[in-house]
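Chemist: This is the structure I have questions about; it appears just below.
2 protein chains.
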Amino acid sequence: MALGSPLSLNTVTVKERWGLAECIEGCARHGIPGISPWRDVLQAMGVAAAARQIRDAGLSVTGLCRGGMFPAADAAGRAAAIADNLRAIEQAHALGAACLVMVCGGLPPGSRDLPGARAMVSDGLEAILPAARAAGVNLALEPLHPMTCADRSVLSTTAQALDLCDMLGDGVGVALDCYHIWWDPAVAAQIARAGSRIMAFHACDWLVPTTDLLLDRGMPGDGVIDIAGLRAMVEQAGYTGFTEIELLSRRWWAEDPDHVLQTMKASHKV
Amino acid sequence: MALGSPLSLNTVTVKERWGLAECIEGCARHGIPGISPWRDVLQAMGVAAAARQIRDAGLSVTGLCRGGMFPAADAAGRAAAIADNLRAIEQAHALGAACLVMVCGGLPPGSRDLPGARAMVSDGLEAILPAARAAGVNLALEPLHPMTCADRSVLSTTAQALDLCDMLGDGVGVALDCYHIWWDPAVAAQIARAGSRIMAFHACDWLVPTTDLLLDRGMPGDGVIDIAGLRAMVEQAGYTGFTEIELLSRRWWAEDPDHVLQTMKASHKV
């Protein structure tokens, strides 16, 4: 394994084969010191049991995936999203997660009102922030690639995320995923601007060609992103934490998870 | 047909069925006053013959697609790209095209050096600009969706295109395609900034779900983009020209071109 930042496994990377207990055991077995669960596997295991096993394994929880998904077609839908986010905050607190990663949501079904959806995101974050602060849970806004704007995240750039941080104040920062931000002409300036608000750093790679908008993300090193360069930028900005590997990939989901973790370690250069 | 801006057919929209002569005849038959040829069909027909038939049909050439594709792995490749762009400028001049649309190119094969590729684009534009000015051919920089950054366009945002315009000066503007810019949180501000430098306005729609990164663009109205809103922004900025329909779509390529043109007209609301 190359020397570098501490590694964290995002559980979605092996979601077809392993539940959370197996992910925790796998991290321990492979010497991966961090883990970032998705809520589906967390809830399947049970939050208390998961918190105990993670603590016993000596792992850091680098994030909980995910809060967000605020826009909805009606007030009841938006209220349901806020209620779900409040449960996510409790879960992040129970795990001692470094942050709750916010995937903010796309356009409501049938809507073409992008500014309106963005306002719903802002309103949703404002609504849950008091609870997050009270619980000591950091909210990490994750800008997602613009190709996800319609259906997953109207939060599209690092600049836009930092504008929200500026507005919302303490307890809100950013989760920066190389896959989502690498193309941005403003990325260097915006990472410098982010400074101490960088709460997570995710690595995966852009494959050429990319054959699916959601499920064809590459193992670091297999694509064209200068991941080392982006890691250097976040370190220059003051972030010294984990590099989390989060792959949504049919190709890697089909592999033996032990092989995936070995490959992650071998590919980890930053 | 709804009242609105004059319509233009980009020939790629019917590329599987019609050559340029049939596109010209089709525009005349359907009362579509503008045409924007790609160079493959232009060269297949012959530039002089095409110019004559377009003039005889009374059509406006709203753009020639395309120049650009500057980044290359070595100096010979970059020189070849410049030579090809000089030929494209001659063709645009011969057609009396409103602009030569620049699709600037992606990363050179094997490269992860995005700033380097962007510098190659800037250098390439500088190299061809004197010839473009001498020929009276406007260069319209087209920012492409960030999902094309690796393999088609490292020019990713309207702001980045306008920064290049600022640097390059007279004779350089932007071609704004709703499909490529709709997601951008800065789009309203950047369209206002563009002002008189808007040389073309392209409409196609973002489908949900989108099943292919290149060939699943939607007919206006079939997706989630607020095309009318973007058209209002460019008009507010001073652009009163054509709305060009450029669909790269396996679904529409499979249709009878007369039906495609009828649908374009029926869908044209801006």
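So the sequences go chain by chain: A and B.
With my numbering applied, the first sequence covers 60 to 329.
With my numbering applied, the second sequence covers 60 to 329.
A virtual CB, placed ideally from N, CA and C, is assigned to each residue, including glycine.
With a cut-off of 8 Å on the beta carbons, I'd call M258 (chain B) and A157 (chain B) a contact; round off their distance for me.
Modeler: Contact flag correct, Cβ pair sits at about 6 Å.
Chemist: Could you tell me the alpha carbon to alpha carbon distance between W312 (chain B) and P96 (chain B), rounded to whole angstroms?
Modeler: When rounded, the distance between both Cα atoms is 16 Å.
Chemist: What is the DSSP secondary structure of G297 (chain A), counted as helix, strand or coil?
Modeler: It is coil, neither helix nor strand.
Chemist: Pick from B:L289, B:P65, B:Q150: whose alpha carbon is nearest that of V217 (chain B)?
Modeler: The sequence shown places Thr at residue 217 (chain B), rather than the Val named in the question. Measuring from the Cα of T217 (chain B), the nearest candidate turns out to be B:L289.
Chemist: Is A147 (chain A) close to the ligand MG? I mean its beta-carbon at under 8 Å from any heavy atom of the ligand.
Modeler: Among the components modelled here there is no ligand, and therefore nothing to report on the ligand MG.
Chemist: Please list, in chain order, the chain A residues whose beta carbon lies closer than 7 Å to that of L66 (chain B).
Modeler: The premise fails here: L66 (chain B) is roughly 21 Å from chain A at the closest Cβ pair, so nothing lies under 7 Å.
Chemist: Where do the N-terminal and C-terminal ends of the beta strand (DSSP E) with V233 (chain A) fall, by residue?
Modeler: Where V233 (chain A) is concerned, the enclosing beta strand (DSSP E) stretches over 231-236.
Chemist: Alpha carbon to alpha carbon, how far is E303 (chain B) from I94 (chain B)?
Modeler: Whole-angstrom Cα-Cα distance: 8 Å.
Chemist: For A245 (chain B), decide whether its Cβ has a neighbour in chain A, counting only Cβ atoms nearer than 9 Å.
Modeler: It does; some Cβ of chain A falls within 9 Å.
Chemist: Under 7 Å between beta-carbons, which chain A residues line up against C208 (chain B)? List them in chain order, please.
Modeler: In chain order: W242.
Chemist: In chain A, which residues lie with their C-beta within 9 Å of the C-beta of S308 (chain B)?
Modeler: Within chain A, no residue comes near S308 (chain B); the closest Cβ sits about 16 Å away, beyond 9 Å.
Chemist: Excluding five sequence neighbours on each side, which residues of the same chain lie with their C-beta closer than 6 Å to the C-beta of G127 (chain B)?
Modeler: Around G127 (chain B): M161, V162, C163, G164.
Chemist: What first and last residue would you give for the alpha helix (DSSP H) that runs through G175 (chain A)?
Modeler: Element bounds for G175 (chain A): 173-194.
Chemist: Could you tell me which residues DSSP pairs with D275 (chain A) in its beta bridges?
Modeler: In the DSSP output, where bridge partners are listed per residue, D275 (chain A) has A:S308.
Chemist: How about the segment 133-145 of chain B and the segment 238-252 of chain B: do they share at least three Cβ pairs that are nearer than 8 Å?
Modeler: Flag = no, the segment 133-145 of chain B and the segment 238-252 of chain B do not touch.
Chemist: List the whole-angstrom C-beta distance separating M226 (chain A) from L66 (chain A), where the pair is believed to meet the contact cut-off of C-beta under 8 Å.
Modeler: The Cβ separation is near 33 Å, so there is no contact.
Chemist: In terms of DSSP beta bridges, what is A131 (chain B) paired with?
Modeler: According to DSSP, A131 (chain B) bridges with nothing at all.
Chemist: Starting from the C-beta of A199 (chain B), find all residues in its chain whose C-beta is less than 7 Å away, skip the five residues before and the five after it, and write them out in chain order.
Modeler: Within the same chain, A199 (chain B) has close Cβ partners G122, C158, L159, V160, M161, G232, V233, A234, M258, A259.
Chemist: Note down, in chain order, all residues in the segment 265-282 of chain A with a beta-carbon under 9 Å from any beta-carbon belonging to chain B.
Modeler: Cβ contacts with chain B: W265, L266, V267, P268, T269, T270, D271, L272, L273, G282.
Chemist: Apart from the five residues just before and just after P167 (chain B), which ones in its own chain have a Cβ nearer than 6 Å to its Cβ?
Modeler: Result list for P167 (chain B): P130, A131, A132, in chain order.
Chemist: Quick one, which residues of the segment 213-225 of chain A are near chain B if we go by CB-CB under 9 Å, in chain order?
Modeler: If the cut-off is 9 Å between Cβ atoms, the segment 213-225 of chain A has V213, L214, S215, T216, A218, Q219, D222 near chain B.
Chemist: Interface residues of chain B around L166 (chain A) at Cβ under 9 Å?
Modeler: Within 9 Å Cβ-Cβ: V267, V283.
Chemist: In terms of alpha-carbon separation, which member of A:S119, A:A109, A:R114 lies closest to L68 (chain A)?
Modeler: Checked all of A:S119, A:A109, A:R114; the closest Cα to L68 (chain A) is A:S119.
Chemist: What do you reckon, are the CB atoms on R276 (chain A) and L320 (chain A) nearer than 9 Å?
Modeler: Not a contact, by the Cβ cut-off of 9 Å.
Chemist: Note down, one range per segment and in chain order, each beta strand (DSSP E) of at least 3 residues found wholly within the segment 63-128 of chain B.
Modeler: The segment 63-128 of chain B contains these whole beta strand (DSSP E) runs: 66-69, 93-95, 123-127.
Chemist: If you pair each beta-carbon of the segment 169-180 of chain B with each one of the segment 104-111 of chain B, do three or more pairs fall below 8 Å?
Modeler: The segment 169-180 of chain B, when compared against the segment 104-111 of chain B, does not touch it at the 8 Å Cβ threshold.
Chemist: Could you check which residue in B:P92, B:C263, B:E201, B:R98 has the C-alpha nearest to that of I113 (chain B)?
Modeler: It is B:P92.
Chemist: Does DSSP put L159 (chain B) in a helix, a strand or coil?
Modeler: If DSSP states are grouped into helix, strand and coil, L159 (chain B) belongs with the strands.
Chemist: Could you check if D264 (chain A) is buried or exposed, using at least 16 other CB atoms within 10 Å of its CB as the buried criterion?
Modeler: D264 (chain A) comes out buried.
Chemist: Can you list, in chain order, the residues of its chain with a C-beta nearer than 8 Å to that of I148 (chain A)? Leave out the 5 residues immediately preceding and following it.
Modeler: The answer, listed in chain order, is G126, L159, I187, A190, A191, A194, V196.
Chemist: Closer than 8 Å by beta-carbon distance: list the chain B residues that pair up with P205 (chain A), in chain order.
Modeler: Result: H204, P205, M206, W242, D243.
Chemist: Taking the continuous alpha helix (DSSP H) assigned at I250 (chain B), which residues delimit it?
Modeler: Start and end: 246-253.
Chemist: Out of B:A287, B:Q150, B:S181, point me to the one whose CA is closest to R343 (chain B)'s CA.
Modeler: Only positions 60 to 329 of chain B appear in the structure, and residue 343 (chain B) is not among them; the question remains open.
Chemist: Please list the partners that L118 (chain A) has in chain B, where partner means a Cβ-to-Cβ separation under 9 Å.
Modeler: Ordered by position in chain B, no residue passes the 9 Å Cβ test against L118 (chain A), which lies about 31 Å from the chain.
Chemist: List, in order along the chain, the chain A residues whose C-beta lies closer than 8 Å to that of L227 (chain B)?
Modeler: The premise fails here: L227 (chain B) is roughly 16 Å from chain A at the closest Cβ pair, so nothing lies under 8 Å.
Chemist: Grab me the residues of C208 (chain B)'s own chain with a C-beta within less than 7 Å of its C-beta, minus the 5 sequence neighbours each way, in chain order.
Modeler: Contacts found: G165, S215.
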